[in-house]
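Working notes, structure below.
2 protein chains.
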Amino acid sequence: MTRADLFAQIKQKQSYLCVGLDADVAKLPGHLLSLADPIFEFNKQIIDATRPFAVAYKPNLAFYEALGAAGWESLRKTIAYIPRECLVIADAKRGDIGNTSHLYAKAFFETLGADAVTVAPYMGEDSIKPFVGFPGKWVIVLAHTSNPGSQDFQVVRDDQGELLFEKVIRKARQWATPDQLMFVVGATHADRMGAIRALAPEHFFLVPGVGAQGGDLQAISKQGMNAQCGLLVNASRSILYASSGEDFAEAAKSEAQKLQAEMARYLAGA
Amino acid sequence: MTRADLFAQIKQKQSYLCVGLDADVAKLPGHLLSLADPIFEFNKQIIDATRPFAVAYKPNLAFYEALGAAGWESLRKTIAYIPRECLVIADAKRGDIGNTSHLYAKAFFETLGADAVTVAPYMGEDSIKPFVGFPGKWVIVLAHTSNPGSQDFQVVRDDQGELLFEKVIRKARQWATPDQLMFVVGATHADRMGAIRALAPEHFFLVPGVGAQGGDLQAISKQGMNAQCGLLVNASRSILYASSGEDFAEAAKSEAQKLQAEMARYLAGA
């Protein structure tokens with residue numbers, strides 16, 4: 135999916151919502167558990183319910199790998215089910231030496247059919263470059279993540295005054311174009327969002343941390359939006375587990391719709 | 135497996151060799167390809183041939199994930215086949231927010247039955263802590279990796295003069311004991327091995343980069359060994375693909391034996 139296609143979807147749906155498909159088998163509504171593939175059935179109903187309000191879906195691979203080969207199969211079916219107008223982000227946070235990263239790229243882009251993969255930058259250029267250059271595919275580099283541990287290394291200041299996550303953004307921009315590369319910037323860093331946008335004016339940011347992690351949608355939208363929106367804001371738990379009963383999909387729809395309505399206002403204001 | 139058990143194995147086999155099970159379907163000997171599970175068959179024969187000379191096996195998950203659910207099944211069977219006296223390292227290089235890292239820990243330690251998992255430090259403490267505390271299990275944190283991209287971020291010097299990988303070692307040591315935590319230190323950084331050993335005197339280091347990547351076994355052994363050996367030196371391609379013919383297992387055995395004989399000399403000298 136190109137950047138222009140993504141922006142067209144955002145305008146059409148008046149939404150930059152990404153729904154995180156973190157299907158935790160321990161949290162699934164009980165009535166699904168007797169089905170052959172409860173995870174896929176859950177995802178299917180979540181996707182059907184939220185599709186009018188979402189431009190992207192992001193399965194986090196940990197939730198599938200925790201189930202072994204069966205989980206991998208649920209993931210494959212889920213990705214195949216996601217409507218083609220939506221961006222599919224494999225939230226894998228991979229990063230390995232060159233020849234191994236190349237295999238991961240093939241696994242996620244070709245075997246699974248994802249449009250984008252999240253990658254960790256610690257191992258540097260040859261761990262990221264193999265994800266670049268697949269037509270219409272995206273690499274999404276962790277810059278400043280939403281979790282408490284983002285304070286441990288990402289804000290280390292070097293002897294030139296540059297923070298580590300700033301250096302990651304600056305270097306990664308040399309490895310791929312804004313049509314191939316996005317950055318993860320946590321919603322919990324709303325105070326820094328404006329400064330981070332200045333470092334990467336054209337790039338899309340994938341923004342986790344709204345909802346269960348407490349990020350402020352208005353603040354990050356105001357600070358982070360660019361001329362082509364430039365934001366994909368992810369919510370997972372607050373949508374998926376809005377209800378634990380048989381009405382889970384209806385409750386998820388209502389949560390997604392609320393976020394979309396708020397996003398429509400920020401898009402209109404921009 | 136405890137640190138004492140691992141050191142006992144090292145003394146018994148006179149080896150600190152880890153065999154990297156990076157079974158690339160494109161490189162498998164042709165006569166295996168008609169079997170039901172060529173990857174497992176290849177690994178099985180490699181394990182049988184190298185077992186007398188190896189104390190650890192390290193499947194890199196990329197090679198299995200590239201094959202989808204079938205690859206995951208080959209991995210599960212491979213891990214189940216590895217003799218219990220050997221350490222099983224799931225080379226996953228994961229790292230995610232706390233609740234997600236917890237799922238990965240369960241996936242690798244419980245579902246797959248690995249003894250150790252490699253993790254990337256970029257996301258900080260709450261991404262690593264969930265791997266700590268499983269009895270007899272290990273977390274192996276990337277410190278200074280063997281690839282060219284290790285120069286991009288890992289050697290960033292902060293305003294106190296500390297390199298990023300040094301900070302990773304210093305902080306991670308506060309999160310787990312030397313019986314729970316190892317570090318990845320590439321053999322391509324033999325010049326720094328002594329200084330890195332000084333930062334973590336008791337910890338085991340997993341050392342990739344000997345063989346195809348050109349690291350020097352003698353230099354890293356001399357600089358890196360501690361009183362309990364403290365090294366697991368990995369070789370993958372140089373052993374697995376020593377021959378591409380029907381004699382691949384015999385050739386792998388011979389390569390592993392050569393490395394073991396060299397290691398026995400360094401152990402005797404220490």
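Chains as they are written, first to last, in our numbering: chain A, 135 to 404; chain B, 135 to 404. In this text, a Cβ means the ideal position worked out from N, Cα and C, and glycines have one as well.
Test: GLU207 (chain A) CB closer than 8 Å to a CB of chain B: By 1-based counting over the first sequence, the position of residue 207 (chain A) is 73. Contact with chain B is found for GLU207 (chain A), since one of that chain's Cβ atoms lies less than 8 Å from the residue's Cβ.
Per DSSP, cross-strand counterpart(s) of GLY154 (chain B): Numbered from 1 along the second sequence, position 20 holds the residue referred to as residue 154 (chain B). B:LYS192.
Selection of the segment 239 to 267 of chain B by Cβ proximity to chain A, strictly under 8 Å: Flagged, chain order: LYS240, ALA241, THR245, LEU246, ALA254, PRO255, TYR256, MET257, GLY258, GLU259, ASP260, SER261 and ILE262.
Spatial distance of ALA183 (chain B) from ALA383 (chain B) (CA atoms): In the second sequence, counting from the first residue as 1, residue 183 (chain B) sits at position 49. In the second sequence, counting from the first residue as 1, residue 383 (chain B) sits at position 249. Rounded to whole angstroms, ALA183 (chain B) and ALA383 (chain B) show a C-alpha spacing of 6 Å.
MET257 (chain B), DSSP secondary structure in three states: The residue given as residue 257 (chain B) occupies position 123 in the second sequence. DSSP, reduced to helix, strand and coil, places MET257 (chain B) outside both helices and strands of the structure shown, so it counts as coil.
For ALA306 (chain A) and GLY345 (chain A), believed in contact at Cβ under 8 Å, the rounded distance: Residue 345 (chain A) sits at position 211 when you count from the first residue of the first sequence. Residue 306 (chain A) sits at position 172 when you count from the first residue of the first sequence. 27 Å between Cβ atoms; not a contact.
Within 8 Å, strictly: CB atoms of MET316 (chain A) and GLY283 (chain B): Walking along the first sequence from the start, residue 316 (chain A) turns up at place 182. Walking along the second sequence from the start, residue 283 (chain B) turns up at place 149. Contact: no.
As assigned by DSSP and simplified to three states, the class of LYS227 (chain B): Locating residue 227 (chain B) in the second sequence gives position 93, where the first residue counts as 1. DSSP places LYS227 (chain B) within a strand segment (E or B) once states are collapsed to three.
Cutoff 8 Å: ARG210 (chain A) Cβ touching any chain B Cβ: If you number the first sequence from 1, residue 210 (chain A) lands on position 76. So yes, ARG210 (chain A) belongs to the interface.
Where HIS337 (chain B) sits in the DSSP three-state scheme: The residue you call residue 337 (chain B) lines up with position 203 of the second sequence. Note: HIS337 (chain B) maps to coil in three-state DSSP.
Cβ neighbours of ALA239 (chain A) in the same chain (closer than 6 Å, five flanking residues each side left out): By one-based count along the first sequence, residue 239 (chain A) stands at place 105. Cβ within range, chain order: PRO264 and PHE265.
Inter-residue spacing [alpha-carbon to alpha-carbon] between ASP139 (chain B) and GLY270 (chain A): Translated into positions along the second sequence, residue 139 (chain B) becomes position 5. Translated into positions along the first sequence, residue 270 (chain A) becomes position 136. Within the model, the alpha-carbon separation for ASP139 (chain B) versus GLY270 (chain A) is close to 50 Å.
Same chain, Cβ closer than 7 Å to THR212 (chain B), neighbours up to 5 away in sequence not counted: Position 78 of the second sequence, counted from the start, is the residue given in the question as residue 212 (chain B). Excluding sequence neighbours, THR212 (chain B) sits near LEU155, PHE174, ASN177 and PRO193.
Continuous beta strand (DSSP E) stretch holding HIS278 (chain B): start and end: Counted from its first residue, the second sequence places residue 278 (chain B) at position 144. Counted as a single uninterrupted DSSP element, the beta strand (DSSP E) harbouring HIS278 (chain B) occupies residues 272 to 278.
Residue span of the beta strand (DSSP E) that contains PHE317 (chain B), given as start and end: Residue mapping note: residue 317 (chain B) aligns to position 183 of the second sequence, counting from 1. Bounds of the beta strand (DSSP E) holding PHE317 (chain B) are 315 to 319.
Residue from B:VAL319, B:THR234, B:PRO335 and B:GLN294 whose Cα sits closest to the Cα of PRO312 (chain B): Here residue 312 (chain B) refers to the residue found at position 178 of the second sequence. The residue with the shortest Cα to Cα distance from PRO312 (chain B) is B:PRO335.
Contacting positions in the segment 181 to 202 of chain B - beta carbon closer than 7 Å to chain A: Hits within the stretch, in order: ASN194, ALA196, PHE197, GLU199, ALA200 and GLY202.
Residues bridged to ARG291 (chain A) (per DSSP): As a first step, residue 291 (chain A) is located in the first sequence; it is residue number 157 there, counting from the start. For ARG291 (chain A), DSSP records a beta bridge to A:LEU297.
Other residues of its chain near ASP350 (chain A): CB distance less than 6 Å, five sequence neighbours each side excluded: Reading the first sequence from its first residue, position 216 is the one you call residue 350 (chain A). Same-chain partners within the cutoff: ALA324.
Buried or exposed by the 16-neighbour rule on C-beta atoms within 10 Å, applied to HIS165 (chain A): The residue labelled residue 165 (chain A) in the question sits at position 31 within the first sequence. When all chains shown are included, HIS165 (chain A) counts as exposed.
Proximal residues, the segment 268 to 282 of chain A versus chain B, C-beta separation under 9 Å: The residues in question are LEU276, THR279, SER280, ASN281 and PRO282.
Where VAL266 (chain B) sits in the DSSP three-state scheme: As a working note, residue 266 (chain B) is residue 132 in the second sequence. Under the three-state reduction of DSSP, VAL266 (chain B) is assigned to coil, being neither helix nor strand.
Alpha carbon of ALA241 (chain A) to alpha carbon of ALA254 (chain A), nearest angstrom: Sequence index remark: in the first sequence, residue 241 (chain A) carries index 107 (1-based). Sequence index remark: in the first sequence, residue 254 (chain A) carries index 120 (1-based). So the two alpha carbons sit approximately 17 Å from each other.
Residue span of the alpha helix (DSSP H) that contains ALA402 (chain A), given as start and end: Taking the first sequence and counting its residues from 1, one reaches residue 402 (chain A) at position 268. Segment 382 to 403, the alpha helix (DSSP H) holding ALA402 (chain A).
Contact with chain B by SER388 (chain A), beta-carbon distance below 8 Å: Locating residue 388 (chain A) in the first sequence gives position 254, where the first residue counts as 1. With its beta carbon at least 8 Å from every one in chain B, SER388 (chain A) lies outside the interface.
Alpha carbon of MET397 (chain B) to alpha carbon of LYS147 (chain B), nearest angstrom: The residue you call residue 397 (chain B) lines up with position 263 of the second sequence. The residue you call residue 147 (chain B) lines up with position 13 of the second sequence. If I take the Cα positions, the gap works out to 10 Å.
Beta-carbon neighbours of GLY349 (chain B), restricted to chain A and to distances below 9 Å: Numbered from 1 along the second sequence, position 215 holds the residue referred to as residue 349 (chain B). None at all; the shortest Cβ gap to chain A is about 13 Å.
Burial state of GLN285 (chain A) (16 or more Cβ within 10 Å): Sequence index remark: in the first sequence, residue 285 (chain A) carries index 151 (1-based). Exposed.
Partners in chain B for VAL302 (chain A), counting only beta-carbon separations shorter than 8 Å: One-based indexing of the first sequence puts residue 302 (chain A) at position 168. The contacting residues are PHE287.
Classification of ALA402 (chain A) by the beta-carbon crowding that lies within 10 angstroms, buried from 16 upward: Along the first sequence, read from residue 1 onward, the residue named residue 402 (chain A) stands at position 268. The residue is exposed, with fewer than 16 neighbouring Cβ atoms inside 10 Å.
Secondary structure of LEU246 (chain A), DSSP reduced to three states: By one-based count along the first sequence, residue 246 (chain A) stands at place 112. In this structure, LEU246 (chain A) counts as coil in the three-state DSSP scheme.
Within chain B, partners of ASP413 (chain A) - CB distance below 7 Å: No answer is possible for residue 413 (chain A): it lies beyond the span of chain A, which begins at 135 and ends at 404.
Positions along the segment 337 to 371 of chain B whose CB lies within less than 7 Å of some CB in chain A: Within the segment 337 to 371 of chain B, no residue places its CB atom closer than 7 Å to a CB of chain A.
Short CB-CB distance (under 8 Å) between THR234 (chain A) and chain B: In the first sequence, the residue the question calls residue 234 (chain A) occupies position 100. Contact with chain B is found for THR234 (chain A), since one of that chain's Cβ atoms lies less than 8 Å from the residue's Cβ.
Inter-residue spacing [alpha-carbon to alpha-carbon] between ARG331 (chain A) and MET359 (chain A): Locating residue 331 (chain A) in the first sequence gives position 197, where the first residue counts as 1. Locating residue 359 (chain A) in the first sequence gives position 225, where the first residue counts as 1. For ARG331 (chain A) and MET359 (chain A), the distance between alpha carbons rounds to 8 Å.
Candidates A:LEU201, A:TYR215 and A:CYS152: closest to TYR191 (chain A) by CA position: In the first sequence, residue 191 (chain A) corresponds to position 57, counting from 1. Answer by Cα proximity: A:CYS152.
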